[in-house]
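First residue of the sequence shown: 4, per this note's numbering; consecutive thereafter.
Don't be surprised by glycine CBs; every beta carbon is placed ideally from N, CA and C.
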Amino acid sequence: MNKNTVYIIIIVVGFLTFGVVAYSYIFSSGGGGISDSKMTWVKCSNPSCNSAHEMKLKEYEKQVRERMRPPAITTPALTCNECGKDTVLQAVKCENPECGEVFIKGSVRGDLEDRCPKCKHSATEDSRKARLAGRE
Ligand SMILES: [Zn+2]
Ligand SMILES: [Zn+2]
């Protein structure tokens, strides 16, 4: 890579960063650590429904907080738009491009919570492996 290429990359990255900062500054509604654009998958655990969709993480966490009833320690389920039952839980979309399964977090008991029950892929495990590999 020559010097000019490096300069161009720095300029482009700097420009993009500025754009993102300006964008979030203009559109931020104030308060909350999570950006408005961050999405999460949710899936209905009712076996006869199984509907899954993406929603804003902020909205998901807000609804969970409203449903939290101490001393319960489990994350409360949200109401499903499809079947009307309180069975919607946070889900993960499998990062394996050949799979793409949307599954409820922690589907594989006793394993990583993002372990795909279909293809056994886990993004957490992948990044751990990458870190270990980088150490060698
Ligand atoms: Zn449902
Ligand atoms: Zn998968």
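Notebook entry, point to check: What is the DSSP secondary structure of THR20, counted as helix, strand or coil?
Noted result: helix
Notebook entry, point to check: Is the distance from the Cβ of LYS96 to the Cβ of GLY87 below 8 angstroms?
Noted result: no
Check: Mind checking TYR26: buried by the 16 CB within 10 Å criterion, or exposed?
Finding: exposed
Note to self: Quick check: the Cα distance between GLU69 and SER130, rounded to an integer number of angstroms?
What the structure shows: 33 angstroms
Check: Taking Cβ to Cβ, would you say GLU57 is nearer than 8 angstroms to THR43?
Finding: yes
Notebook entry, point to check: In terms of residues, what are the limits of the alpha helix (DSSP H) holding ASP129?
Noted result: 126 to 138
Check: Within the present structure, is the beta-carbon of ASN7 separated from the nearest heavy atom of ligand 1 by less than 7 angstroms?
Finding: no
Notebook entry, point to check: What are the complete beta strand (DSSP E) segments, minimum 3 residues, inside the segment 71 to 134?
Noted result: If we require 3 residues or more, the beta strand (DSSP E) runs fully inside the segment 71 to 134 come out as 89 to 96 and 105 to 107.
Check: When DSSP labels each residue in this structure, what does GLN59 get in the three-state scheme?
Finding: Note on residue identity: the sequence assigns Lys, not Gln, to residue 59. Strand, per DSSP.
Margin query: I need the straight-line Cα distance from PRO73 to ALA80, nearest angstrom please.
Written below: 14 angstroms
Checklist line | Cβ neighbours of VAL111 in the same chain (closer than 6 angstroms, five flanking residues each side left out) | finding: ARG118 and PRO120
Check: Is the beta carbon of ILE107 sitting closer than 8 angstroms to the one on LYS46?
Finding: yes
Item checked: Bridge partners - LYS46, DSSP secondary structure assignment -> ALA55 and LEU92
Margin query: Would you say the beta carbon of ASN99 is closer than 7 angstroms to some non-hydrogen atom of ligand 2?
Written below: yes
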